[in-house]
Amino acid sequence: MERRRVSSGTEWERTVGYSRAVRVGDRVEVSGTTATDDDGEVIAPDDAAEQTRRAIANVEAGLSEVDATLSDVVRTRLYVTDIDRWEAVGRAHGEAFGEVRPATTMVEVSRLIDPDMLVEVEAVAVVDDG
Numbered sequence: 001m002e003r004r005r006v007s008s009g010t011e012w013e014r015t016v017g018y019s020r021a022v023r024v025g026d027r028v029e030v031s032g033t034t035a036t037d038d039d040g041e042v043i044a045p046d047d048a049a050e051q052t053r054r055a056i057a058n059v060e061a062g063l064s065e066v067d068a069t070l071s072d073v074v075r076t077r078l079y080v081t082d083i084d085r086w087e088a089v090g091r092a093h094g095e096a097f098g099e100v101r102p103a104t105t106m107v108e109v110s111r112l113i114d115p116d117m118l119v120e121v122e123a124v125a126v127v128d129d130g
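Just so you know, we're using the UniProt record's numbering here: the sequence shown kicks off at 1 and counts up by one.
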């Protein structure tokens, strides 16, 4: 089966040995994605909801490169550095996914790679090529 990889262009992909997203057949796996802009800078350092929106937008951009959309997402994982912000993160996730309503897990972690990062999002999509 063909393997299609998406690169975000960061230096870390080659060093760590990962891809932004990988599609094999009808399945797409999107790596942990944070709220960074096109220059790799963290946006909204103290706003968990806005970071969630941006991270999901970045997930969506990766999906689009392998002919998938947010509507194809069947699973997300949300890693947050402060579980007390769960409602803001959850609402932003709900805004993005609406009736898609993927299976979702939210987990508090002690920290992410940058102290300004509050949220990291992973996604799994299944594309109906029907």
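Glycine is no exception: its CB is placed at the ideal position from the N, C-alpha and C atoms.
- Message: Out of Q51, G32 and M1, which one is the CA nearest neighbour of R75?
- Response: G32
- Cα-Cα separation, V109 to T81: 5 Å
- Task: Return the chain-ordered list of same chain residues with a C-beta closer than 6 Å to the C-beta of R54, the five sequence neighbours on each side being excluded.
- Result: A35 and I43
- Task: Leaving out five residues on either side along the sequence, give the residues of the same chain with a beta carbon under 6 Å from the beta carbon of A68.
- Result: V28, A125 and V127
- G40 versus W86 - alpha carbon distance: Cα to Cα, the separation comes out at about 25 Å.
- Kindly indicate the opening and closing residues of the beta strand (DSSP E) around S103. According to the sequence displayed, residue 103 carries Ala and not Ser. Taken as a continuous stretch (DSSP letters only), the beta strand (DSSP E) holding A103 covers A103 to E108.
- Message: If the criterion is Cβ atoms closer than 9 Å, does the pair V24 and E65 meet it?
- Response: Not a contact, by the Cβ cut-off of 9 Å.
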